[in-house]
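Protein chains in written order, with the UniProt record's numbering: chain A, 1 to 297; chain B, 1 to 297.
2 protein chains.
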Amino acid sequence: MIRPLRIALTAALASVTVQAAGEPPATPAALVASSPADAWADISAEDLIVMTIDGGAQVIVQLAPAMAPRHVANIRTLARAHWWDGTSINRVQDNYVAQWGDATEKKPLPAGLLQTSAADYALPLANRRLRVTPLPYPDAYAPKTGFVAGWPVAMDGNAAWLPHCYGYVGVGRNLSPDAGTGAELYTVIGQAPRQLDRNIAVVGRVIDGMAHLSSLPRGSGELGFYTGSERPVPILSMRLASDLPAAQQPHFQQMDTTSPSFAAYLRLRANRKDDFYERPAGGVDLCNAPVPVRPAP
Amino acid sequence: MIRPLRIALTAALASVTVQAAGEPPATPAALVASSPADAWADISAEDLIVMTIDGGAQVIVQLAPAMAPRHVANIRTLARAHWWDGTSINRVQDNYVAQWGDATEKKPLPAGLLQTSAADYALPLANRRLRVTPLPYPDAYAPKTGFVAGWPVAMDGNAAWLPHCYGYVGVGRNLSPDAGTGAELYTVIGQAPRQLDRNIAVVGRVIDGMAHLSSLPRGSGELGFYTGSERPVPILSMRLASDLPAAQQPHFQQMDTTSPSFAAYLRLRANRKDDFYERPAGGVDLCNAPVPVRPAP
């Protein structure tokens, strides 16, 4: 079982294509790779933040203006003020978050930031012409879950909010009623801490370069803050993609969550059909069905 | 909001103690820290594997013989044969797994390994005198969940199995009917890939040194395998704690999942009461209520 072992581990531990010509895709990855152009939607350059860290590595964050309009407006203001340039990633707590911002906590904020409040943690869905693709499986944190405009949402009555899934970006804040400006950000690097849902604003997700954050050394200080000889990771710049020269602008697409391809993707996520899986799960968690994102072809 | 900000981020993004004298613990961490001695059970040295990797860092894995007896027997046989010494961590896939074993796939296995099968992926609970502490919140992957003998379990009828939670350890395998020997192991470093439940044997969990695995550079090869100039992390040794000299044996305890302290811990995990939380979740995911483990006092 020498060659077969590696093949099997391949089948065992990832979504590889196990597919004969003419058969429908057997894995989520194969389905995404073969989905038609009309299953994809361009992501606006106004919604992409390019973070360049020490050494030149880039992390790209997609903002969710439809779900977090006031915080997203502030993040655009902060990026246009180059506020994050010279700040750092200064906290990495295992199975929790990597956090960045002004470690000195003394850097003046730019003018024009909007006031935020707990009302920004969830938004009403009614009268917004947003089509919900329901996820028909139970969730420990919300009565209903699904997908809206390319984003996972948890829902309670008419209220919908972005969940704290892996790679999702939230806004650090002071004790309530402060809801955070958007200057102090973190991303989830472990099991979804859904207890933070509706207690902190989730404003976007990392769509490229996540490993530059998730593989950072964990901090030895309380809550994973870097201390002593542990060096915070300098942030060289954070820019809106739309403010970059055209040649430097990244271009990404997300799968249309109202498309037949996405419906098929969810079915495969919940019921794996490739040879490795003896027993399809019959369900999938909201945070275990990431909306497919790809570089624009 | 300069000082308050750091204080708030502390409250915001971890379980810190926000507690006045005489009040009940307000956070899971505070409750665990103040739980009585009789809420804790020693973990047998026979159930602890000490993995020492390049540079001397140690990762400690707790085995679950009650839930995976045949695979655990094999892992003990492999450790006693020093089989992993000189092997490596050779795959790290972001938001999925870090995997170790014999990258050459040619190292002969020791004698005495038990045959395993799909029957080892879940075990019957009946007639085993195991007390189940139910987790009364819905789960996307199983009709019921709870805790048995210090371990989280998903349940369907009389069958119970260990879930693929963060830090849990599974056995790589070939295509069915092979269920893996236990020589090729991985641990979850991201969102719980519960679709693997009952398709792969889960045999234990990392209880110390997890960051030595989760912060490793991600591999650039297919499925995160290290390739080209990426150097697999040498495994210097893997030993059963009971085979180490007494002075080198680690001693850990896990919270008794039938104790009042654990019941209170679950209630707090589902309903945070400290000042930061405006809106308690009212539920908690099976993989978001890790069984407390501590060094033996």
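Ideal Cβ placement from N, Cα and C applies to all residues, glycine included.
inquiry  = Checking 8 Å against the spacing of the C-beta atoms, do residue 141 (chain B) and residue 122 (chain B) come in under that value?
reply    = no
query = Just how far apart, CA to CA, sit residue 189 (chain B) and residue 111 (chain B)?
reply = 32 Å
ask   = When you compare each of B:233, B:113 and B:136 to residue 81 (chain B) by their alpha carbons, which one comes out closest?
value = B:113
inquiry  = Which of the three DSSP states is assigned to residue 52 (chain B) in this structure?
reply    = strand
inquiry  = Using only CA atoms, which one of B:50, B:215, B:251 and B:65 lies nearest to residue 98 (chain B)?
reply    = B:215
key: Residues of the stretch 205 to 224 of chain A whose Cβ lies closer than 9 Å to any Cβ of chain B, in chain order   = Correct list: 210, 211, 214, 215, 216, 217, 218, 222, 223 and 224.
query = Per DSSP, what kind of secondary structure is residue 186 (chain B) in: helix, strand or coil?
reply = strand
inquiry  = Taking the alpha carbon of residue 39 (chain A) as the reference point, which residue from A:264, A:208 and A:24 has its own alpha carbon closest?
reply    = A:264
task = Can you give me the Cβ contacts of residue 285 (chain B) inside the same chain, cut-off strictly under 6 Å, excluding the 5 residues immediately before and after it?
result = There are no such residues.
ask   = When Cβ atoms are compared, which residues of the stretch 152 to 174 of chain A fall closer than 8 Å to chain B?
value = 165, 166, 167, 172, 173 and 174
query = Can you check whether the CB of residue 132 (chain A) is closer than 8 Å to the CB of residue 146 (chain A)?
reply = yes
inquiry  = DSSP three-state label for residue 227 (chain A), please.
reply    = In the structure shown, residue 227 (chain A) sits in coil (DSSP, three-state: anything other than H, G, I, E or B).
request  = Could you tell me whether the stretch 84 to 91 of chain B touches the stretch 229 to 236 of chain B, where touching means 3 or more Cβ pairs closer than 8 Å?
outcome  = yes
ask   = Mind checking if residue 11 (chain B) is an interface residue toward chain A, Cβ cutoff 8 Å exclusive?
value = With a pLDDT of only 40 at residue 11 (chain B), under 50, the local geometry of the prediction cannot be trusted, and the value read off the model is given with reservation. For residue 11 (chain B), the answer is yes, since a Cβ of chain A falls inside 8 Å of its Cβ.
request  = Indicate whether at least one CB of chain B lies closer than 8 Å to the CB of residue 197 (chain A).
outcome  = yes
key: Nearest-angstrom Cβ-Cβ length linking residue 63 (chain A) and residue 72 (chain A), presumed shorter than 8 Å   = 5 Å
key: CB-CB length for residue 386 (chain A) against residue 94 (chain A), believed under 8 Å   = A query on residue 386 (chain A) cannot be resolved here, the shown segment of chain A reaching from 1 to 297 and no further.
The beta strand (DSSP E) enclosing residue 314 (chain A), as first and last residue numbers = Outside the shown range of chain A (1 to 297) lies residue 314 (chain A), about which nothing can therefore be said.
Cross-chain neighbours of residue 284 (chain A) in chain B, by beta carbon under 9 Å = 140, 141, 194 and 195
key: Start-to-end residues for the alpha helix (DSSP H) that takes in residue 75 (chain B)   = Segment 69 to 80, the alpha helix (DSSP H) holding residue 75 (chain B).
task = Please report the Cβ distance between residue 182 (chain B) and residue 74 (chain B), rounded to the nearest whole angstrom; I am assuming they are in contact, meaning their Cβ atoms lie under 8 Å.
result = 4 Å
query = Any Cβ of chain B within less than 8 Å of the Cβ of residue 239 (chain A)?
reply = no
key: Reference residue 250 (chain A), options A:150, A:296 and A:128, closest by Cα   = A:296
request  = Classify residue 261 (chain B) as buried or exposed, calling it buried when 16 or more other Cβ atoms lie within 10 Å of its own Cβ.
outcome  = buried
task = Taking residue 55 (chain B) as the query, report the chain A residues whose CB atoms sit under 7 Å from its CB, ordered along the chain.
result = The contacting residues do not exist; residue 55 (chain B) stays about 13 Å from chain A at best.
Run of the alpha helix (DSSP H) containing residue 147 (chain A), from where it starts to where it stops = Unbroken run through residue 147 (chain A) is the beta strand (DSSP E), 144 to 148; no alpha helix (DSSP H).
ask   = In this structure, does DSSP put residue 19 (chain B) in helix, strand or coil?
value = Its pLDDT being 46, under 50, residue 19 (chain B) is placed unreliably in this model, and the coordinates cannot settle the point.
query = Is residue 95 (chain B) helix, strand or coil when you go by DSSP?
reply = coil
task = Report yes or no: is there a C-beta of chain A within less than 8 Å of the C-beta of residue 182 (chain B)?
result = no
task = List the residues of chain A that residue 230 (chain B) touches, going by C-beta distances under 8 Å, in chain order.
result = By Cβ distance, chain A contributes nothing, its closest Cβ being about 12 Å from residue 230 (chain B), past 8 Å.
task = Report yes or no: is there a C-beta of chain A within less than 8 Å of the C-beta of residue 111 (chain B)?
result = no
query = Which residues, in order along the stretch 39 to 73 of chain B, keep a beta-carbon less than 7 Å from a beta-carbon of chain A?
reply = none
ask   = Closer than 8 Å, CB to CB, is residue 190 (chain B) near chain A or not?
value = Taking 8 Å as the threshold, the shortest C-beta distance from residue 190 (chain B) to chain A falls below it.
inquiry  = Could you tell me the alpha carbon to alpha carbon distance between residue 67 (chain A) and residue 130 (chain A), rounded to whole angstroms?
reply    = 11 Å
query = What residues in its chain sit with their C-beta under 8 Å from that of residue 177 (chain A), if we drop five residues either side in the sequence?
reply = 117 and 118
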